[in-house]
Amino acid sequence: MTELPTRTDRKMGLVIDLDTCVGCHACVISCKGWNTENYGAPLSDQNAYGADPSGTFLNRVHSYEVQPSPCASQPNPAAQLVHFPKSCLHCEDAPCVTVCPTGASYKRVEDGIVLVNESNCIGCGLCAWSCPYGARELDLAEGVMKKCTLCVDRIYNENLEEVDRVPSCVRTCPAGARHFGDLGDPDSDVSKLVAERGGMDLMPEMGTRPVNKYLPPRPKDQIEDQIDILAPLLAPVAEDPKGFLGWLDKALDKLPGQTSGGAS
Numbered sequence: 001m002t003e004l005p006t007r008t009d010r011k012m013g014l015v016i017d018l019d020t021c022v023g024c025h026a027c028v029i030s031c032k033g034w035n036t037e038n039y040g041a042p043l044s045d046q047n048a049y050g051a052d053p054s055g056t057f058l059n060r061v062h063s064y065e066v067q068p069s070p071c072a073s074q075p076n077p078a079a080q081l082v083h084f085p086k087s088c089l090h091c092e093d094a095p096c097v098t099v100c101p102t103g104a105s106y107k108r109v110e111d112g113i114v115l116v117n118e119s120n121c122i123g124c125g126l127c128a129w130s131c132p133y134g135a136r137e138l139d140l141a142e143g144v145m146k147k148c149t150l151c152v153d154r155i156y157n158e159n160l161e162e163v164d165r166v167p168s169c170v171r172t173c174p175a176g177a178r179h180f181g182d183l184g185d186p187d188s189d190v191s192k193l194v195a196e197r198g199g200m201d202l203m204p205e206m207g208t209r210p211v212n213k214y215l216p217p218r219p220k221d222q223i224e225d226q227i228d229i230l231a232p233l234l235a236p237v238a239e240d241p242k243g244f245l246g247w248l249d250k251a252l253d254k255l256p257g258q259t260s261g262g263a264s
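The numbering used here applies: residue 1 is where the sequence shown begins, and numbers increase by one.
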């Protein structure tokens with residue numbers, strides 16, 4: 001059994017805004033690409049172009065239709081589509097670490113990131129069984145367990161520009177729904193964001209104390225009367241045409257088959 005550190009110097013993690021995530025899966029694709037080409041064993045695919053494809057992913061996005069609770073301002077709120085990205089939450093009390101029989105899973109003291117030493121992993125699957133979030137996957141080609149590393153090979157890479165020293169999913173997100181930083185520092189940007197928006201843990205009842213936080217969706221505006229944006233263009237500009245249009249209207253009235261009062 002692997003022991004967890006009693007404390008970590010920092011708590012690096014993600015803050016995911018469920019209000020702005022558009023479900024584009026850009027984070028999924030960038031994660032797959034970066035982690036296939038860099039840290040650890042590649043993320044393999046099986047029968048990728050067949051009838052029943054499967055593969056290993058460190059980040060997935062699920063979409064749910066939810067019904068918000070009524071409130072004073074919105075007694076009958078409309079249903080909302082919420083896109084829910086999910087990956088390893090780098091829990092403070094990570095059961096995937098303590099259950100590992102070989103010590104392959106461990107939590108780093110310097111930043112709190114949970115990693116897998118793939119050379120020691122025997123693919124027993126105990127970590128996946130113990131994770132309440134389903135954040136671990138067995139790579140069938142390599143026979144080792146894979147999980148989000150917070151792109152540990154990017155965030156400390158001084159060969160990259162400062163703007164690129166964040167997880168690949170954060171750098172790629174076109175909606176700015178993913179944020180990265182030290183959640184152990186109350187003055188960090190991510191900690192302030194969590195405090196301002198009421199960031200929450202995923203399944204806090206499990207007692208794992210996840211570092212990653214989720215920002216809840218905001219209530220959507222309700223438009224009582226649907227607005228026709230073409231209405232101003234379709235409205236008549238005058239009841240009694242004058243000038244050239246008035247002359248044209250009278251001229252058309254005189255054509256055979258026309259009734260008085262306007263062209264048919």
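Glycine included, each C-beta is placed from N, C-alpha and C at the ideal position.
Original post:
Are at least three pairs of beta-carbons, each pair with one atom in the region 30-39 and one in the region 125-144, less than 8 Å apart?
Top reply: no
**OP:** With DSSP collapsed to three states, give me the class of V82.
**Re:** The answer is strand: DSSP assigns V82 an E or B state.
Original post:
By Cβ distance, which residues of its chain are closer than 6 Å to V47, with the 5 residues on each side in sequence left out?
Top reply: Contrary to the premise, residue 47 reads as Asn rather than Val in this sequence. Excluding sequence neighbours, N47 sits near P53.
Original post:
Between P95 and the rest of its own chain, which residues show a CB-CB distance below 6 Å, the 5 nearest in sequence each way excluded?
Top reply: S130
Original post:
Are the beta-carbon atoms of I29 and A177 separated by less than 8 Å?
Top reply: no
**OP:** Rounded to whole angstroms, what's the CA-CA distance from L215 to C21? Just pull it up for me.
**Re:** 10 Å
Subject >> Opening and closing residue of the alpha helix (DSSP H) in which V190 lies >> reply: D189 to R197
Original post:
What first and last residue would you give for the beta strand (DSSP E) that runs through D17?
Top reply: Looking at the DSSP string, the run of the beta strand (DSSP E) that includes D17 is M12 to D17.
Subject >> Spatial distance of L245 from K254 (CA atoms) >> reply: Going by C-alpha positions, L245 is about 14 Å away from K254.
Original post:
From V163 to P75, what does the alpha carbon distance come to, in whole angstroms?
Top reply: 44 Å
Subject >> Unbroken alpha helix (DSSP H) run spanning L245, endpoints >> reply: Start and end: G243 to D253.
**OP:** Would you be able to state if there are at least three C-beta pairs under 8 Å between the region 114-133 and the region 51-71?
**Re:** no
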